[in-house]
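From first to last, the protein sequence lines stand for chains A and B.
Take the first sequence: its position 27, counting from 1, is numbered 26 in numbering that gives the first Met the number 0, and each next residue is one higher.
Take the second sequence: its position 48, counting from 1, is numbered 47 in numbering that gives the first Met the number 0, and each next residue is one higher.
Yeah, the Cβ is synthetic: ideal placement off N, Cα and C, and Gly gets one too.
Take a look at the structure set out below.
Number of protein chains: 2
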Amino acid sequence: MADGTSKKPSRIQMRNRSLILDAALDVFSAHGYRGATLDQIAEAAGLSKPNILYYFAGKEEIHVTLLNQLMETWLDPLVEMDASGDPMTELLDYVQRKLDMSRDLPRESRLFAGEILQGAPRMLPHLRADLKPLFDEKCAIIQAWMNEGKLAQVDPRHLVFSIWATTQHYADFDTQVRTLLDDDPHDSAARFLDQMYRSLLAP
Amino acid sequence: MADGTSKKPSRIQMRNRSLILDAALDVFSAHGYRGATLDQIAEAAGLSKPNILYYFAGKEEIHVTLLNQLMETWLDPLVEMDASGDPMTELLDYVQRKLDMSRDLPRESRLFAGEILQGAPRMLPHLRADLKPLFDEKCAIIQAWMNEGKLAQVDPRHLVFSIWATTQHYADFDTQVRTLLDDDPHDSAARFLDQMYRSLLAP
DNA sequence: TCGTAGCTTTACCAATTGGTCAAAAAGTGA
DNA sequence: TCACTTTTTGACCAATTGGTAAAGCTACGA
């Protein structure tokens with residue numbers, strides 16, 4: 000069988016599982032959990048529905064697997080923010096990394112947004128266990144930078160929220176952005192956000 | 000019948016239609032369009048399912064009605080931004096009005112976010128017809144203010160995006176915000192955003 | 001008070017959808 | 001080639017869900 004209890008996954012298993020997960024990311028991010036159907040996922044993956052269920056116990060397990068994988072990717076840019084670096088550079092780089100993620104991983108951003116929007120029914124434990132400690136740690140670092148006079152004094156928590164909000168906006172509200180803008184927003188957004196956080200954080 | 004073609008809606012019609020719409024706003028904003036069921040809406044409204052369908056032609060019509068009503072409310076704070084007022088005051092007041100809306104109308108915010116997140120299948124026409132002209136008009140006003148030297152030069156379009164993103168974040172990502180913060184974020188968010196846009200826009 | 005229009009409910013459908021099962025097909029090592 | 005395991009499929013099922021039909025109830029003006 001294809002349960003995780005056995006040892007080595009075969010090459011076919013590796014290929015099909017990632018085929019399924021990629022298709023599911025498409026479908027879940029486009030239609031939400033309830034809006035997505037196993038048939039859609041199966042078709043997008045090029046496999047039959049029962050075959051999907053040979054590799055995953057059910058729809059929810061696929062969703063949870065995606066969410067788990069996502070969490071690591073999602074936190075990575077914040078993890079990289081280094082207490083020993085130059086504060087302004089570290090923060091502005093963080094903003095750019097998050098903005099790049101919105102451009103490069105819009106499906107992941109929307110999957111995450113959809114999950115939080117509905118009250119994070121399958122991700123609250125992750126938020127508490129993984130995100131919260133990291134958030135507190137990095138807020139403390141930012142606060143320390145401010146106390147040293149390297150940055151202007153602002154509320155670090157809302158600073159981080161604003162970075163998340165402004166950068167993810169370009170993935171999550173892409174439809175709206177594209178309706179209102181003619182050209183690709185990435186470069187002009189990068190310049191704007193750099194300018195905004197530079198002026199806010201200049202000591 | 001209860002179709003819109005006849006004349007005066009009775010008092011019962013008024014009451015039940017708003018009962019249904021309020022219940023539907025609860026359910027749609029909490030679970031998304033596909034995630035919401037007529038049974039849930041019916042129960043939340045205290046009416047039977049066929050009775051719901053006596054007042055609305057179907058699930059989609061309820062959703063569209065909500066979206067249409069929402070659009071006006073949603074654009075109102077931006078409409079109020081006045082070209083003849085003091086630029087900095089007008090913009091900072093706009094930020095506060097949007098932030099207040101996130102606190103006072105979180106269901107509406109989430110309904111809107113969910114619709115855009117899924118590609119605005121039922122709202123693209125509205126975005127083009129209502130939002131786009133208003134957006135262009137207000138961006139032109141902001142640009143004029145900057146040209147007069149009343150505000151620092153930034154990209155007005157991304158400025159508006161950032162206001163939307165940062166303020167709606169507190170409604171749409173409420174679950175995440177509440178997981179990371181202990182106290183109510185509204186007042187501290189208001190101070191942070193005031194500080195951020197003041198420093199960004201100071202000429 | 002009675003007729004009628006407006007409102008509500010009970011019973012029911014048909015389509016969708018997550019999931020099952022047993023058998024067939026395809027690999028795989030000896 | 002043969003035995004055996006892994007993978008794939010077609011047929012099927014039960015629950016959910018959007019929606020309908022028709023009968024019953026209620027309010028209200030003449």
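Can you give me the C-alpha to C-alpha distance between residue i and residue j, rounded to a whole angstrom?
| i | j | result |
| --- | --- | --- |
| residue 54 of chain B | residue 63 of chain B | 14 Å |
| residue 103 of chain A | residue 70 of chain A | 16 Å |
| residue 154 of chain B | residue 186 of chain B | 27 Å |
| residue 65 of chain A | residue 81 of chain A | 28 Å |
| residue 176 of chain A | residue 12 of chain B | 38 Å |
| residue 137 of chain A | residue 105 of chain A | 24 Å |
| residue 118 of chain B | residue 36 of chain B | 21 Å |
| residue 128 of chain B | residue 40 of chain A | 34 Å |
| residue 152 of chain B | residue 199 of chain B | 9 Å |
| residue 45 of chain B | residue 18 of chain B | 8 Å |
| residue 163 of chain B | residue 112 of chain A | 15 Å |
| residue 166 of chain A | residue 16 of chain A | 30 Å |
| residue 100 of chain A | residue 86 of chain A | 21 Å |
| residue 145 of chain A | residue 109 of chain A | 33 Å |
| residue 190 of chain B | residue 97 of chain B | 14 Å |
| residue 51 of chain B | residue 147 of chain B | 55 Å |
| residue 196 of chain B | residue 91 of chain B | 7 Å |
| residue 95 of chain B | residue 130 of chain B | 20 Å |
| residue 75 of chain B | residue 49 of chain A | 50 Å |
| residue 114 of chain B | residue 67 of chain A | 25 Å |
| residue 169 of chain A | residue 73 of chain A | 15 Å |
| residue 4 of chain B | residue 123 of chain B | Here the model assigns residue 4 of chain B a pLDDT of 44, short of 50, so the residue's position is not dependable, and the following value carries that caveat. Using only the alpha carbons, I get a separation of about 26 Å. |
| residue 174 of chain B | residue 174 of chain A | 24 Å |
| residue 38 of chain B | residue 32 of chain A | 19 Å |
For residue i, does the three-state DSSP call read helix, strand or coil?
| i | result |
| --- | --- |
| residue 10 of chain B | helix |
| residue 147 of chain B | coil |
| residue 121 of chain B | coil |
| residue 45 of chain B | coil |
| residue 180 of chain B | coil |
| residue 83 of chain A | coil |
| residue 78 of chain B | helix |
| residue 153 of chain B | coil |
| residue 132 of chain B | helix |
| residue 34 of chain B | helix |
| residue 113 of chain B | helix |
| residue 55 of chain B | coil |
| residue 22 of chain A | helix |
| residue 191 of chain A | helix |
| residue 105 of chain A | helix |
| residue 27 of chain A | helix |
| residue 170 of chain A | helix |
| residue 164 of chain B | helix |
| residue 139 of chain B | helix |
| residue 0 of chain A | Model confidence at residue 0 of chain A stands at a pLDDT of 42, short of 50, so the residue's coordinates are unreliable; what they give is reported in the following sentence. Three-state result, residue 0 of chain A: coil. |
| residue 70 of chain A | helix |
By the criterion of Cβ-Cβ separation under 8 Å, what are the contact partners of residue i in chain A?
| i | result |
| --- | --- |
| residue 153 of chain B | 191, 194 and 195 |
| residue 175 of chain B | 115, 119, 126 and 130 |
Mind listing the chain A neighbours of residue i? Cutoff is C-beta to C-beta under 7 Å, in chain order.
| i | result |
| --- | --- |
| residue 72 of chain B | None at all; the shortest Cβ gap to chain A is about 16 Å. |
| residue 31 of chain B | 31, 33, 34 and 117 |
| residue 37 of chain B | Within 7 Å Cβ-Cβ: nothing; residue 37 of chain B doesn't reach chain A, min ~14 Å. |
| residue 188 of chain B | 157 |
Using 6 Å as the cut-off, classify the Cβ of residue i as near or not near the heavy atoms of the ligand PLP, replying yes or no.
| i | result |
| --- | --- |
| residue 28 of chain A | You won't find the ligand PLP in this model; it holds no ligand whatsoever. |
So which residues of chain B does residue i contact, with C-beta pairs closer than 7 Å?
| i | result |
| --- | --- |
| residue 203 of chain A | Outside the shown range of chain A, which is 0 to 202, sits residue 203 of chain A, and nothing can be said about it. |
| residue 27 of chain A | Within 7 Å Cβ-Cβ: nothing; residue 27 of chain A doesn't reach chain B, min ~11 Å. |
| residue 199 of chain A | 195, 198 and 199 |
(Q) Against chain B, which members of the region 106 to 128 of chain A pass a CB distance test of less than 8 Å? (A) Those residues of the region 106 to 128 of chain A placed with their C-beta closer than 8 Å to a C-beta in chain B are 109, 112, 113, 115, 116, 117, 118, 119, 123, 126 and 127, ordered along the chain.
(Q) Under 9 Å, CB to CB, which of the residues in the region 158 to 170 of chain A have a partner in chain B? (A) The region 158 to 170 of chain A vs chain B, Cβ under 9 Å: 158, 159, 160, 161, 163, 164, 165, 166, 167, 168 and 169.
Q.
Along the region 138 to 153 of chain A, where does the CB come closer than 7 Å to a CB of chain B? Name the residues.
A. When C-beta distances to chain B are compared with 7 Å, the residues of the region 138 to 153 of chain A below that value are 153, in chain order.
Q: Report the residues of the region 88 to 106 of chain B with a CB closer than 7 Å to any CB of chain A, ordered along the chain.
A: Residues: none.
**Q.** Interfacial residues, the region 35 to 69 of chain A to chain B, with Cβ spacing under 7 Å
**A.** Flagged: no residues at all.
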